Structures are given as structure tokens and as C-alpha cells.
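Novice:
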Amino acid sequence: MPAFPAKRRSCVKKSVGRAAPDFCHGPTIPSLAPRFVETTAVLQARRRGAPVVIFDCNGVLVDSEQIAAAAAADEFARAGIPITPELVTRYFSGRRPADMLASVEAATGRKLPVNFSATLAAATLARLRAEVRAMPHAAHALTWLRGPKCVASSSPPDRVRTSLETTGLAKFFNFLFSASDVRNGKPAPDLFLHAAARMGVQAADCIVVEDSPAGVSAATAAGMAALGFVGGSHAGAQLGEQLILAGARTIVADLRHLKSAVVALRGW
Numbered sequence: 003m004p005a006f007p008a009k010r011r012s013c014v015k016k017s018v019g020r021a022a023p024d025f026c027h028g029p030t031i032p033s034l035a036p037r038f039v040e041t042t043a044v045l046q047a048r049r050r051g052a053p054v055v056i057f058d059c060n061g062v063l064v065d066s067e068q069i070a071a072a073a074a075a076d077e078f079a080r081a082g083i084p085i086t087p088e089l090v091t092r093y094f095s096g097r098r099p100a101d102m103l104a105s106v107e108a109a110t111g112r113k114l115p116v117n118f119s120a121t122l123a124a125a126t127l128a129r130l131r132a133e134v135r136a137m138p139h140a141a142h143a144l145t146w147l148r149g150p151k152c153v154a155s156s157s158p159p160d161r162v163r164t165s166l167e168t169t170g171l172a173k174f175f176n177f178l179f180s181a182s183d184v185r186n187g188k189p190a191p192d193l194f195l196h197a198a199a200r201m202g203v204q205a206a207d208c209i210v211v212e213d214s215p216a217g218v219s220a221a222t223a224a225g226m227a228a229l230g231f232v233g234g235s236h237a238g239a240q241l242g243e244q245l246i247l248a249g250a251r252t253i254v255a256d257l258r259h260l261k262s263a264v265v266a267l268r269g270w
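For the sequence shown, the residue numbers in this note's numbering are 3 to 270.
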């Protein structure tokens, strides 16, 4: 999996007001785990019992699922495996790229080229830089959520960083996690439990915003409240029902309604 280039520098930036986000390595987490700089707002939020809100990235913060699916379909076609973007989304939304490739190999009985993973990652990053947009009203929702929050994504670290920086959303987060940091990807709970542990909170104190059944299942397995989001361009008519069946407590189609949904779940 691609990871951030190693850079030796302080993870804490001195500034007036909110601390600037940084993308630094901890000593034992080599990919996407910048250290958390607690601000006055975060400390106040914890004292009043506000939940930690954990965001998936693709399909929640950025409208990237169709972009990534198209890139994957093109690369599979070049390898002689015809898979449509729609099938990529249907079967692999919310899953790690490595898990997707393993599933395709198992289903087709064919080995992908040795460099396929790197080629797919490069193609996806190129498309994201050119095409990705923030989900409508994402900045509005993140501005309101002044309490502790983080990103926990199945994507490799460089894809998460590229998506957030390209859309201007990176400034809202001090804590970013990738499934590259854990043994098992979604629908296993590993990533969300890792995020909660790194932020120093219990799973019961977390609300997860997810757009895939795999992600909702992971949040539920972790003992967290899952909020299903169906506002992405990839969302089909049945997605809300699928998320509810996976364990989502409620469904939101517009991030402007995230505030009321969080209040309803935890009484923020």
C-alpha cells in the first residue's frame, strides 16, 4: 500500500486559535496517523460528553466513489478482466483496494499483474487530483462539528490525503486513519477500534458516518453508532435500506442535516 513519505518534523504547529492539521508519523504507525492537537473546543466538547464523530472519506466527505470505480474498471479491462464501474461500486464500496484485488483474483481464478496494485493506485490518484469534489455542504457540516472528529478510511494514506487536500477539507482534521494501519479492513471493526483507541475514547462514545454496508457493519461490530449517508452521486435507490439492514441507526441524504442527526443520536 502507498504511504506517506517519511519526514522528520514536529507534529505540533503553534498557531492562534485552532491548531493546523499536520500529516506526521508516529513511531509505530507508518502511514496516516498525525498526532492529535487538542484545542480548547475539543477539551470542552469532551467535558460536556460530546461524541467523537468518525467520518469515512470516500462517498461521505468527498464525492469520489464513481471516480475510483471508473479507474478500477479501466485497469481491470487492461488486464483482460471486464468489470463495470457499477459492479466495482456494488461489490467493493468501502473495502480496501488490496481486498478488492484478492476478491477479483479469487472470483476469476486469474492472477493480476505483479504491478497492478501500484498502477491502479497511480491511476486513481491522477483522476482524483483532476476530478474529485467535496461532497455538497461538507464544509458546512465540518464547521459546525467543533468537537473531536477524525477520518477513518479504507483507502491508502496518499489517496485520503489527496482527496482531502484537493477539496480543501484537510484543515478540518487533526486525526486521519487508514485501513493500512490495521490487520483487517471493513467490515471488520479493526479500523474504527484503532481510531477510538488513538483518540483516547471508548467505542460507545463514537458516531460513525458511513456510506457503505461494509463500513456500517464495521462500525456496528465495533460497538459504535452508525449514521448512514446516501448523498453521494454513486448512491442508488436501495442504498439507504441496505445501510439500515447493515445496522445504521438513521439515514442522512444531505450533510446540512448532519447536525440534527447527531443531536438525535447523542443529544449533543
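Think of the CB as a built atom: it goes at the ideal place given N, C-alpha and C, for glycine as much as any other residue. Remember, it's a predicted structure, so these values are computed and weren't measured experimentally.
Could you tell me the boundaries of the beta strand (DSSP E) in which THR252 lies?
Specialist: First-last of the beta strand (DSSP E) with THR252: 252-254.
Novice: Taking the beta strand (DSSP E) that PHE179 falls in, what are its first and last residues?
Specialist: Unbroken beta strand (DSSP E) run through PHE179: 178-180.
Novice: Go to SER155, then tell me how far its alpha helix (DSSP H) extends in each direction, as first and last residue.
Specialist: Careful: SER155 lies outside any alpha helix (DSSP H), inside the beta strand (DSSP E) at 151-155.
Novice: Give the DSSP bridge partners of VAL60, in chain order.
Specialist: It should be noted that the sequence gives Asn, not Val, for residue 60. In the DSSP output, where bridge partners are listed per residue, ASN60 has VAL64.
Novice: So, do the region 50-63 and the region 148-168 have three or more beta carbon pairs nearer to each other than 8 Å?
Specialist: With the cut-off at 8 Å, the region 50-63 and the region 148-168 touch.
Novice: Tell me the residue span of the alpha helix (DSSP H) that contains GLY230.
Specialist: From DSSP, GLY230 is part of no alpha helix (DSSP H) but of the beta strand (DSSP E) over 227-231.
Novice: Compare the C-alpha of GLU88 against each of THR168, GLY242, SER235 and name the closest.
Specialist: Ranking THR168, GLY242, SER235 by Cα distance to GLU88 puts SER235 first.
Novice: Suppose the cutoff is 6 Å on Cβ atoms and the five residues either side in sequence are ignored; what does the same chain contact list for LYS261 look like?
Specialist: So the list reads TRP146, once near-sequence residues are dropped.
Novice: From SER156, GLN240, PRO115, pick the residue whose C-alpha is nearest to that of ARG185; which is it?
Specialist: Checking every option, the nearest Cα to that of ARG185 belongs to SER156.
Novice: For LEU166, which residues from the same chain have a beta carbon less than 8 Å from its beta carbon, with the 5 sequence-adjacent residues on both sides left out?
Specialist: Here the set comprises CYS59, LEU63, VAL64, VAL153, ALA172, PHE175, LEU178.
Novice: Using C-beta distances below 7 Å, list every residue in its chain close to HIS139, excluding the 5 sequence neighbours before and after it, in chain order.
Specialist: Cβ neighbours of HIS139 beyond the five flanking positions: ASP256, LEU257, ARG258.
Novice: Can you check DSSP and say which residues form a bridge with ILE209?
Specialist: In DSSP, ILE209 forms a bridge with VAL55, ALA227.
Novice: Looking at C-alpha atoms only, which residue of VAL116, ASP207, ALA70, LEU114 is the closest neighbour of ARG135?
Specialist: When only C-alpha atoms are compared, the closest one is ALA70.
Novice: Do ALA181 and LEU193 have their C-beta atoms closer together than 7 Å?
Specialist: Cβ atoms of ALA181 and LEU193: closer than 7 Å.
Novice: Look up ALA136 in the DSSP assignment and say whether it is helix, strand or coil.
Specialist: Of the three classes helix, strand and coil, the one that applies to ALA136 here is strand, per DSSP.
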